[in-house]
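Chains as they are written, first to last, in the working numbering: chain A, 2 to 152; chain B, 2 to 152; chain C, 30 to 453; chain D, 30 to 453. The beta carbon of each residue, even a glycine, is placed where N, CA and C say it ideally should be. All of these numbers come straight from a predicted model, not from anything done at the bench. First up is the structure itself, then whatever we jot down about it.
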Amino acid sequence: MRLESLYQEVILDHYRHPHHKGLREPYDAEVHHVNPLCGDEVTLRVTLKDATGEPVVADVSYDALGCSISQASASVMSELIIGKTVPEAMGLAEEFLRLMQSKGQLEPDEEILGDGVAFAGVAKYPARIKCALLGWMAWKDATAQALEEQK
Amino acid sequence: MRLESLYQEVILDHYRHPHHKGLREPYDAEVHHVNPLCGDEVTLRVTLKDATGEPVVADVSYDALGCSISQASASVMSELIIGKTVPEAMGLAEEFLRLMQSKGQLEPDEEILGDGVAFAGVAKYPARIKCALLGWMAWKDATAQALEEQK
Amino acid sequence: MTLDVARIRKDFPILDRQVRDGQPLVYLDSANTSQKPRQVIERLDDFYERHNANIHRASHQLGEEATAAYEGARIKAAGFIGARDETEVVFTKNISEGINLVAYAMGNATAGQSGGSGSGRFRLGPGDEIVITEMEHHSNIVPWQLLCERTGATLRWFGVTDDGQLDLAQAGDLITERTKLVALAHQSNVLGTINPVREIADRAHAAGALVLVDAAQSVPHMPVDVQGLGADFLGFTSHKMCGPTGIGVLWGRRELLEEMPPFLGGGEMIESVWMDHSTFAPPPHKFEAGTMPIAEAAGLDAAIDYLTDVGLDAVRAHERDLIGYALDALGTVPGLRVLGPADPATRGAAISFTLEDVHPHDISQVLDEHGVAVRAGHHCAWPLHRRYGIQASTRASFYLYNTRAEVDALVDGIGQAQRFFGGD
Amino acid sequence: MTLDVARIRKDFPILDRQVRDGQPLVYLDSANTSQKPRQVIERLDDFYERHNANIHRASHQLGEEATAAYEGARIKAAGFIGARDETEVVFTKNISEGINLVAYAMGNATAGQSGGSGSGRFRLGPGDEIVITEMEHHSNIVPWQLLCERTGATLRWFGVTDDGQLDLAQAGDLITERTKLVALAHQSNVLGTINPVREIADRAHAAGALVLVDAAQSVPHMPVDVQGLGADFLGFTSHKMCGPTGIGVLWGRRELLEEMPPFLGGGEMIESVWMDHSTFAPPPHKFEAGTMPIAEAAGLDAAIDYLTDVGLDAVRAHERDLIGYALDALGTVPGLRVLGPADPATRGAAISFTLEDVHPHDISQVLDEHGVAVRAGHHCAWPLHRRYGIQASTRASFYLYNTRAEVDALVDGIGQAQRFFGGD
Ligand SMILES: Cc1ncc(COP(=O)(O)O)c(C=O)c1O
Ligand SMILES: Cc1ncc(COP(=O)(O)O)c(C=O)c1O
């Protein structure tokens, strides 16, 4: 049944037990994003640290109200990018965006996207793509702000 | 041929040799009306006199730019109403309006409308009805103003 | 006065569709947009295949026919809502434009423009108030926010009670001599609530205010009479009433339309144009700039014929039956909370609900997988959702072509969603 | 690159019609509105019969399909005119609305509203100037008059030469640092003149002004590229290009659309709504309030496909042939005076003329009686007619489905009108 291809077990797991959820201090930037089509919201904070000259995603914390897809996506995202350098994380965000825009034609690489590959089915449901991207867009925005402030 | 039922000889005669045309002095009221659909214009003056206690249409003079229907209609109108009392003339205007709105279903009374009956064919061409009414509407407007001023 | 729903369904070609790999379509999203009977589709075809031309401007036969189709639709629409005559009916692209038209006319009056015969009652300034309600559709909120921003007037609103009614206790405080206009929905697109428009209109008029009724959700579903409602303006939208997209109606009392300055400028709305100034046509043409949705007017005419033939009393009765049946059935679902009135007699054919632990987007997705089309989200009524402490809801909405069996399919699908997301 | 007109005519059902008791239709009024090929009509049917739903808001299959149809049309339209991408394409109900949209955005900016990222260049006040031309359609005159009235800005205009060209000698005087916006037609709907938009746009940009191009009469008839023209805004209207009524396009440079405050408020154009304020979606959605002409967008998509398949170069070449043929033939008619350029290379497919002693209304009536549909009047360009000292003209306008034989029928009919009215 198609429902299972959309709501893979991995997604439901992250939805029921989201990782890194809850807003934490301290943070470098906080953003609030909404999905105007359905009203879903996410408040997201990002903390960067600068270890080796390259900024690193030290923490991502968030509070999200929304459907299983948007919640699970935020959870998977934080899982994936915490600890990565900002360029690496931006690369992942691009990769995930590409997957979402693929109309289901792309075979995602689990090596790269980890649990993110479970969202491949979402790409077939245009109305849900914004749900899956909500957290990622918030993170990109928050990170841009944090980098801006560090200048 | 239908063209002849629209453009009856009477209409073409009035068009080629309009009666009462040209602006005359003195006058009680002057109006300028346009047909916004095609740009036709009429400037019309009316002079009333009060003979027997009832106002009488002493003169109607006009200058008109427009198609054969609008020109001929103004000519026929002035022919019909000059010399009539205002209530009589208003009655004629009503009668003519009724004819125009009849969609060609009404048999006009030559006793009442005189040369005006020639316009019966116009009622079948909705786009031309405004042409035939242009002069009449101007006259009604001018007369209302003239009466207003006499108060 | 019962509907022959089986026969009606045959008029709607789309109801034969299958979705999601072979599921028969169960369309429960008519409050969003309705489906179209073949009578309407055929009317559009006929217009384009036989009568298409621009209107008013053309002195040829097609032009006459197209003008007759367009102006005939105006007469039809006027009769449908009890307007005094067709000069009170302005065609717009949807009801949103109609509401904006009134708002901009007020803004333009404030900026000194006039409709020819004075526009005093449309002028706004600091101290003046516009009153709306918390249950309005965004289309009846945002235009007034923008207008108030531009003019310095103040926006106020009726709150909503826990059971989804306007809080009329606030009326005395809200509607005062400062009120210039009260704008409210005849029927809420979320709660289904049918508002006491007449009562509020009487109060508004007593205070010297104008009344604009958003009838987007009532005109398609029940007989509506502008005189009985005591409205000054009333709008509705074709696509929700079996008609085509691209056209709506703003009805306004003639003397108001005369006073109002124009909104959009362009061809057809003028009397005369010079380079440095223009004069304007009388209403309704004053408000119709450019080439209007001509074929769409013909389609709306056919839609009104269709609804009139079926009978709006019969439509309303049928929907009341469905609402009653649906409210009962939904009442058996654990964790399901219906927003709005519980009595089918006081509400229309939209039922919005929340379900414990399952997000509306997820419910609607499961339903869609079973062929059941509903809407999830805030339904363009975000403030109303905030009022009830929720982000979003799921809305099932009914129309003349829906059946009890489709309500069963809805309830069934909700059960599936609960099982699917309920596991741990 | 010659057109197979016989084959093309088969695509247009209405061309089989007979009018006025059995006359075959000779439709020479396409500058007013064009006829529609069955490919467009069928696309509308298909939408209503299989895919109809509201867009964006719905998370069901029909909603996905309708959204894909609507947004697909946006992508198609963007490609058609060389837009950077589809976010620069705003759907409106016609081009008149598109022009008003820009005018109101400027008015709203003046009233202090913003598009989110500042709106300085849209603010107007006394001393600022808007420049148009004497050959504009009312839809590109009246919105600017109303805007100037509201803001205190001044309206100025290019005059027109005796042979129907813009008087470019005035450019230096007209386009100055006071100029905020220059709005002009790409092609005159009366004279047929194709204006040197690029040249004027370069001057305008050098002076810091924006440029709006009314392409209602060019986009249907020739390849148009917004970049090549140097436009900042460009509008066109579906019904003149084989598409349905009820939809038009306003293209605008993305950074401008971002800066501009919203125009119509309502569902779909928002980001978030509270009772006391709202935030707005990014363009193009910021400018699309309420339910849009969805089926019409699908129809416009089909129309663009149709024109692209035929090839706009071929359309233009065919029309040049017809114009040349018609100008020659009309030149033989005694007392006939053609308005506008004499060279088919510099003009489009509309030919307006006057005839000594026969009023345009009377000519068009006689033509209509012979099945020939033309337009008589001022064609919504009243100031232009005054410029030439005339009240009205008769306009024959051609499109891809017209033939030389139809030009013959026109000339024939004119002769009949002369004979009919010439006698004394
Ligand atoms: C040059 C020009 N501009 C604007 C318009 C207005 O188009 P619409 O009536 O579709 O808004 C027209 C046609 O009527 C036109 O020819
Ligand atoms: C109550 C109400 N008002 C206004 C609207 C807006 O209608 P439209 O989108 O056709 O302008 C809707 C529907 O979307 C509605 O339900």
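- In this chain, Gly92(C) is not harboured by any beta strand (DSSP E); it is covered by the alpha helix (DSSP H) spanning Gln90 to Phe109.
- Within chain A, the residues whose beta carbon sits less than 7 angstroms from that of Asp391(C) are Cys68 and Ser69, listed in sequence order.
- Taking the Cα of Asn137(D) as reference, the smallest distance to any Cα among Val436(C), Arg103(C) and Leu175(C) is reached at Leu175(C).
- Using a CB distance cut-off of 8 angstroms, Pro37(A) counts as an interface residue toward chain D.
- Collapsing the DSSP output to three states places Thr320(C) in coil.
- In the DSSP assignment, Tyr63(A) falls outside any alpha helix (DSSP H) and lies within the beta strand (DSSP E) extending over Pro56 to Leu66.
- Contact annotation for His85(C) against chain B: Leu38 [CB-CB distance below 7 angstroms, chain order].
- Straight through space, the alpha carbons of Gly319(C) and Gly127(C) are spaced by roughly 16 angstroms.
- Listed along the chain, the chain C residues whose CB falls inside 8 angstroms of the CB of Ala124(B) amount to none; the nearest CB is some 12 angstroms away.
- The Cβ-Cβ distance between Ile170(C) and Val302(D) falls below 8 angstroms.
- From the beta-carbon of Ser422(D), no residue of chain C is found nearer than 8 angstroms; the closest lies around 13 angstroms away.
- Distance check between Leu148(B) and each of Ile70(B), Leu49(B), Ser74(B) and Tyr8(B) places Leu49(B) closest, using alpha-carbon atoms only.
- The beta carbons of Ile84(C) and Ala95(C) sit closer together than 8 angstroms.
- Nearest CB-CB separation between Arg72(D) and chain C: not below the 8 angstroms threshold.
- When rounded, the separation of the alpha-carbon atoms in Asp243(C) and Glu26(A) is 47 angstroms.
- For Gly84(A), the number of other beta carbons within 10 angstroms of its own is below 16, and it is reported as exposed.
- Arg185(C) carries a strand assignment under DSSP once its states are collapsed to helix, strand and coil.
- Beyond the five residues adjoining it in sequence on each side, Pro252(D) comes within less than 6 angstroms, by CB distance, of Leu341 in the same chain, given in chain order.
- Proximity of the beta carbon of Cys409(C) to ligand 2 is indicated: a heavy atom of the ligand is located closer than 7 angstroms.
- With a contact defined as Cβ atoms closer than 8 angstroms, Asn224(C) and Gln246(C) miss out at about 10 angstroms.
- Using a Cβ distance threshold of 8 angstroms, Leu220(D) and Leu368(D) count as a contacting pair.
- The secondary-structure analysis by DSSP pairs Ile223(C) across a beta bridge with Gln216(C).
- Counting the other Cβ atoms within 10 Å of the Cβ of Pro370(D) gives 16 or more, which makes it buried.
- Between Gln90(D) and Val48(C), the gap from beta carbon to beta carbon is short of 8 angstroms.
- Not flagged as an interface residue toward chain A: Val440(C), since no C-beta distance is shorter than 8 angstroms.
- Only those residues of the segment 42–73 of chain D whose C-beta falls short of 9 angstroms from the nearest C-beta of chain B are listed: Arg49 and Asp50.
- Asp243(D) has its Cβ nearer than 7 angstroms to a heavy atom of ligand 1.
- If you check each beta-carbon in the segment 158–181 of chain C against every beta-carbon of chain D, the ones closer than 7 angstroms belong to Glu163, His166, His167, Ser168, Ile170, Val171, Pro172, Gln174, Leu175, Glu178 and Arg179.
- The beta carbon of Val57(A) sits closer than 8 angstroms to those of Leu49, Lys50, Asp51, Gly84, Lys85, Thr86 and Val87, all from its chain and outside the five residues before and after it, given in chain order.
- Contact of Ala102(D) with chain C by beta-carbon distance below 7 angstroms is absent, the smallest such distance being about 13 angstroms.
- Contact check for Val35(A) and Asp41(A): beta-carbon distance about 7 angstroms, within the 8 angstroms limit, so the pair qualifies.
- Looking only at Ile43(D), Arg38(D), Asp40(D) and Ala98(D), the smallest Cα-Cα distance to Ala327(D) is reached by Ala98(D).
- Between His268(C) and the set Gly277(C), Gly360(C), Ile159(C) and Leu73(C), the nearest pair of CA atoms involves Gly277(C).
- Considering only Trp411(C), Gly353(C), Cys271(C) and His390(C), the residue with the shortest C-alpha distance to Val436(C) is Gly353(C).
- Proximity of the beta carbon of Gln246(D) to ligand 1 is indicated: a heavy atom of the ligand is located closer than 7 angstroms.
- Along the segment 276–308 of chain D, the positions whose C-beta sits under 7 angstroms from a C-beta of chain A are Ile299, Glu300 and Ser301, read in chain order.
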